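Student: One structure coming up, written as structure tokens, with questions to follow.
Protein chains: 2
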Amino acid sequence: MAKKVSLKDIAQKAGVSIASVSYVLTKGNNSGVGPELSEKIKKIASELNYRPNQIAKSLQSGKSYSIGLIVADISNPFFANIARIIEDQAKKYNYTVIFGSSDEMASKSSDLITFFVNRQVDGFIIAPAEDSLEQIKALQKQNIPFVLIDRYFPEIDTNYVATDNFMATFKATNKLIESGNSEIGLIAYNSELYHMQERINGYCKAIEEAGCSPKKSNIKKIDFSSLKEQINKKVDELVLSDNPVSAILFATNTLALYGLKRIDALKLKVPDDVSVIVFDAAEAFDFYYCPLTYIKQPLFEIGTNAVDILVDQIDKPNKKLSQVCIKSTLVENESSK
Amino acid sequence: MAKKVSLKDIAQKAGVSIASVSYVLTKGNNSGVGPELSEKIKKIASELNYRPNQIAKSLQSGKSYSIGLIVADISNPFFANIARIIEDQAKKYNYTVIFGSSDEMASKSSDLITFFVNRQVDGFIIAPAEDSLEQIKALQKQNIPFVLIDRYFPEIDTNYVATDNFMATFKATNKLIESGNSEIGLIAYNSELYHMQERINGYCKAIEEAGCSPKKSNIKKIDFSSLKEQINKKVDELVLSDNPVSAILFATNTLALYGLKRIDALKLKVPDDVSVIVFDAAEAFDFYYCPLTYIKQPLFEIGTNAVDILVDQIDKPNKKLSQVCIKSTLVENESSK
DNA sequence: TTGAAAGCGATACCAT
DNA sequence: ATGGTATCGCTTTCAA
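Chains Z and W supply the protein sequences, listed in that same order.
First residue of the first sequence? That's 43 in the working numbering, and the numbers climb one at a time after it.
First residue of the second sequence? That's 43 in the working numbering, and the numbers climb one at a time after it.
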């Protein structure tokens, strides 16, 4: 790699001090440096195609202008979309985004956080993995700015931006009840994460308000790590039991993707045999024969807010925490009839 | 942010020099430092929870251990999947990935490259945008290591990893011919990018070998920036003309996504009314009523090879260039019958 | 208006 | 075996 041009090179060529060059190049016109000298330096800098070394700047300033984004899996459309929004928003503040996927595993998440802290990121945007509470607390203790997205921990006070998961599934379940479904199944992840708990709670609350009590047998929980192995059995339990459900609410779009495949394989028709509502849209559903009713999360707002809050927190470390909860909307289609 | 622990802090607490601390912490046991002192330093370092400042290391070593990934759009599943593979592979070498989306625009691509160069990335993995040839040449001239993926420029000698686009569409078109289709349409992007040209060439070659000459009216080109505005008209021109095609080859999965929606809207059935082959798989096709024949790109190989080659190039700047072309496979399903 | 020099944190050469 | 010190590129204080 050809050696890079530094302030020193410019200073030598111009026959001035490094300091003067620095002044001109960073402060612009009102640098205190004389106009002719100023011009000369600018000219040489551009001739030499000078590019400031961001690393050196960072070492000196203590700011890297980079943020670490940790999600479950960057290849998951939900997170890929958020990543794009975060990228664009971060660029507005001149921040760079470095990313990592935790695969919902605390150990990977922990490694990533350490890795990124060593690289001196100025802050984090994190969709925290199961059992990562301690890591988040550690971040807090070290006063490293961060914003949680998608999920958060109600027991600790942090910045977060998420949707109102409880209301979202509450409304969705109500919709299914209104459509005349009495037995409604829920397929969720087997997780203590707050967003998942809230989705389950919203479902239960709606059932209760309808005067029933939520049945354990209608709530199926699937392990993150063995989705494909468990989903068929859980779907079967819901729709093939003695008292089968007439509707299913899927707590994420990945669950729905595989769940619907099973429903199709069983030759059951949506919505005639089973009504369906899905949490989150996905391109995959574009071609489903029955247009799906789904809960639409405010991705753009989540992403932009997260960046705004993080950057603000980085600039003003004593700012009070921001906890943003944004409503999702229920997009009604045929599948919930 | 609580001030970070530095070598100096450890040195002070241990009553030794910074140099000794550095030796112990970087060289391990055979550091030349006495065993007792060694232990003492290690103990204090871990007590203080010392984390080396990667920025300082980078400044000193001239290596940032980060690579810039520039794709068209990180939220596009194709690139999101590649990003994940690159992330995992980079981690094996202790590299961090920072990413940016060019939206297929040369201007954005150029900004990103500059931005990342300033941040001292050690190298790039780039899916080059239209008209970005000059930027790539500039990278070359500056001796900055990079590997192109997905597309490359045949007129310049660079590292690249791509699939054999020509063979892929050649075989796909042949398949459609074998299935008895005489008029075959191609929907591609209106782009000079090599991968797109090769996909078009492969199609033409297959038609020629079948003893026909490719008709201009059967080849439809769509602008990147106005896909949704143009696709319906192009599909219509293919299937509703006086001499309609009986099969369509889509040059990317995004084109197919919208093209198939149009075909459905026209009440045409796949494959009875129109046979279809798609370049690349996508979750979106999982639910298409007719299982689609598609060209499966070797994503994993492309991603891992790109990282391997880049890291090798960073370590050995004089190494000769690697140009890797990996076959895609045609996954045959109902839609091409 | 200009510049010398300290310092950011870590490494490595060269003394002792 | 241990440590002083120059160095990476840049910013900023202080002095001239």
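C-beta: ideal position from N, C-alpha, C; glycine also.
Just so we're clear, the structure is a prediction, and the values are computed from it rather than from any experiment.
1) Tell me whether the segment 344 to 359 of chain Z and the segment 307 to 315 of chain Z touch, counting them as touching only if at least three CB pairs, one residue from each stretch, are closer than 8 Å.
2) Determine the burial state of Leu282 (chain Z): buried for a count of at least 16 other Cβ atoms within 10 Å of its Cβ, exposed for fewer.
3) Could you spell out the range, first to last residue, of the alpha helix (DSSP H) harbouring Ile124 (chain W)?
4) Would you check if the distance between the CB atom of Asn160 (chain W) and the CB atom of Ser364 (chain W) is smaller than 7 Å?
5) Under a Cβ-count criterion, where at least 16 other Cβ atoms within 10 Å of its own Cβ denotes burial, should Cys246 (chain W) be classed as buried or exposed?
6) Does any C-beta atom of chain W lie closer than 7 Å to the C-beta of Ala87 (chain Z)?
7) What residues of chain Z sit near Ala30 (chain W), judged by a beta carbon separation below 9 Å?
8) Give the straight-line distance between the Cα atoms of Asn123 (chain Z) and Leu302 (chain W), rounded to the nearest whole angstrom.
9) Among Z:Tyr194, Z:Phe292 and Z:Asp284, which has the Cα closest to the Cα of Ile264 (chain Z)?
10) Note down, in chain order, all residues in the segment 154 to 167 of chain Z with a beta-carbon under 8 Å from any beta-carbon belonging to chain W.
11) Which residues of chain W have a Cβ atom closer than 7 Å to the Cβ of Phe188 (chain Z), listed in chain order?
12) Can you find the residues in the same chain that come closer than 7 Å, C-beta to C-beta, to Ser18 (chain Z), ignoring five residues on each side of it along the sequence?
13) Using DSSP with H/G/I as helix, E/B as strand and the rest coil, what is Phe195 (chain W)?
14) Residues of chain Z with CB under 9 Å from Gly1 (chain W), in chain order?
15) Just verifying my parser: in three-state terms, what is the DSSP assignment at Leu235 (chain Z)?
16) Within the 7 Å Cβ cut-off, does Ala125 (chain Z) reach chain W?
17) Quick check: the Cα distance between Gly244 (chain W) and Val353 (chain Z), rounded to an integer number of angstroms?
18) Could you name each continuous beta strand (DSSP E) segment of 3 residues or more that falls completely within the segment 237 to 300 of chain Z, going from the start of the chain to the end?
19) At the 7 Å Cβ level, is Arg93 (chain W) part of the contact set with chain Z, yes or no?
20) What does Ala98 (chain W) touch in chain Z if you count any residue whose Cβ is under 8 Å from its own?
21) Drop a sphere of 10 angstroms on the beta-carbon of Thr156 (chain W), count the other beta-carbons inside from all chains shown, and report buried for 16 or more, exposed for fewer.
22) Can you find at least 3 beta carbon pairs, one from the segment 186 to 201 of chain W and one from the segment 314 to 328 of chain W, that sit closer than 8 Å?
23) Does any CB atom of chain Z fall closer than 7 Å to the CB of Ser117 (chain W)?
24) Among Z:Ser267, Z:Glu240 and Z:Ala132, which residue has its Cα nearest to the Cα of Phe342 (chain Z)?
25) Do the CB positions of Lys262 (chain W) and Ile305 (chain W) come within less than 7 Å of each other?
26) Using the beta-carbon count (16 or more within 10 Å), is Pro359 (chain W) buried or exposed?
27) Do you know offhand how far Asp191 (chain W)'s Cα is from Pro119 (chain W)'s?
28) Please classify Pro50 (chain Z) as buried or exposed, where buried requires at least 16 neighbouring CB atoms within 10 angstroms.
29) Output, in chain order, the set of chain Z residues within a Cβ distance shorter than 9 Å of Phe329 (chain W).
30) Does any residue of chain Z bring its CB to less than 7 Å from the CB of Ala252 (chain W)?
31) Which complete alpha helix (DSSP H) runs does the segment 292 to 359 of chain W hold, if anything under 4 residues is left out?
32) What is the rounded straight-line gap between the Cα of Lys276 (chain Z) and the Cα of Leu308 (chain Z)?
33) What residues from chain W crowd round Ser106 (chain Z), counting only those whose CB sits closer than 7 Å?
34) Using the beta-carbon of each residue, which ones in chain Z are nearer than 7 Å to Ala114 (chain W)?
35) Tell me which residues share the same chain as Tyr236 (chain W) and place their Cβ nearer than 7 Å to its Cβ, disregarding the 5 neighbours each side in the sequence.
Tutor: Taking the structure as given:
1) The segment 307 to 315 of chain Z and the segment 344 to 359 of chain Z do not touch, with fewer than three beta-carbon pairs separated by less than 8 Å.
2) By the Cβ-count criterion, Leu282 (chain Z) is exposed, with fewer than 16 other Cβ atoms from all chains shown falling within 10 Å of its own Cβ.
3) Note, Ile124 (chain W): alpha helix (DSSP H), Pro119 to Lys134.
4) No, these two residues do not count as a Cβ contact at 7 Å.
5) By the neighbour-count rule (16 or more Cβ atoms within 10 Å), Cys246 (chain W) is buried.
6) No, Ala87 (chain Z) does not count as interfacial toward chain W.
7) Lying before the first or after the last residue shown, residue 30 (chain W) is absent from chain W, which here runs from 43 to 379.
8) Distance from the CA of Asn123 (chain Z) to the CA of Leu302 (chain W), rounded to the nearest whole angstrom, comes to 23 Å.
9) Of the candidates Z:Tyr194, Z:Phe292 and Z:Asp284, the residue whose Cα lies closest to the Cα of Ile264 (chain Z) is Z:Phe292.
10) Per Cβ criterion, the list reads Thr156, Phe157, Phe158, Val159, Asn160, Arg161 and Gln162.
11) Per Cβ cutoff of 7 Å: no residues; Phe188 (chain Z) is ~11 Å from chain W at best.
12) Given a span of 43 to 379 for chain Z in the structure shown, any question on residue 18 (chain Z) remains unanswerable.
13) Three-state result, Phe195 (chain W): coil.
14) This structure cannot speak to residue 1 (chain W), because chain W is shown only from 43 to 379.
15) In the structure shown, the three-state DSSP call for Leu235 (chain Z) is coil.
16) Judged by the 7 Å Cβ criterion, Ala125 (chain Z) is in contact with chain W.
17) Computed Cα separation, rounded: 49 Å.
18) Taking only runs of at least 3 residues, the beta strand (DSSP E) segments lying wholly in the segment 237 to 300 of chain Z are 261 to 264 and 289 to 292.
19) Chain Z, which has a Cβ nearer than 7 Å to the Cβ of Arg93 (chain W), makes this yes.
20) Chain Z residues near Ala98 (chain W): Leu101.
21) The residue is exposed, with fewer than 16 neighbouring Cβ atoms inside 10 Å.
22) In the pairwise beta carbon analysis, the segment 186 to 201 of chain W is classified as not touching the segment 314 to 328 of chain W: fewer than three pairs are separated by under 8 Å.
23) Yes, Ser117 (chain W) counts as interfacial toward chain Z.
24) Of Z:Ser267, Z:Glu240 and Z:Ala132, the residue nearest in Cα terms is Z:Ala132.
25) For Lys262 (chain W) and Ile305 (chain W), no; Cβs fall outside 7 Å.
26) So Pro359 (chain W) counts as exposed.
27) Per the sequence shown, the amino acid found at residue 191 (chain W) is Ile instead of Asp. When the Cα atoms are used, Ile191 (chain W) and Pro119 (chain W) turn out to be separated by approximately 15 Å.
28) The residue asked about is misnamed: residue 50 (chain Z) is Lys in this sequence, not Pro. The residue in question, Lys50 (chain Z), is exposed, as its Cβ has fewer than 16 Cβ neighbours within 10 Å.
29) Result: Leu299, Leu302, Lys303, Asp306, Ala326, Phe327, Asp328, Phe329, Tyr330 and Tyr331.
30) Not one chain Z Cβ lies under 7 Å of Ala252 (chain W).
31) Within the segment 292 to 359 of chain W, the complete alpha helix (DSSP H) runs of at least 4 residues fall at 295 to 307 and 341 to 357.
32) Cα-Cα distance, rounded: 13 Å.
33) Per Cβ cutoff of 7 Å: Ile97.
34) For a Cβ distance threshold of 7 Å, nothing in chain Z lies close to Ala114 (chain W): the least Cβ distance comes to about 11 Å.
35) Excluding sequence neighbours, Tyr236 (chain W) sits near Arg193, Tyr194, Phe195 and Pro196.
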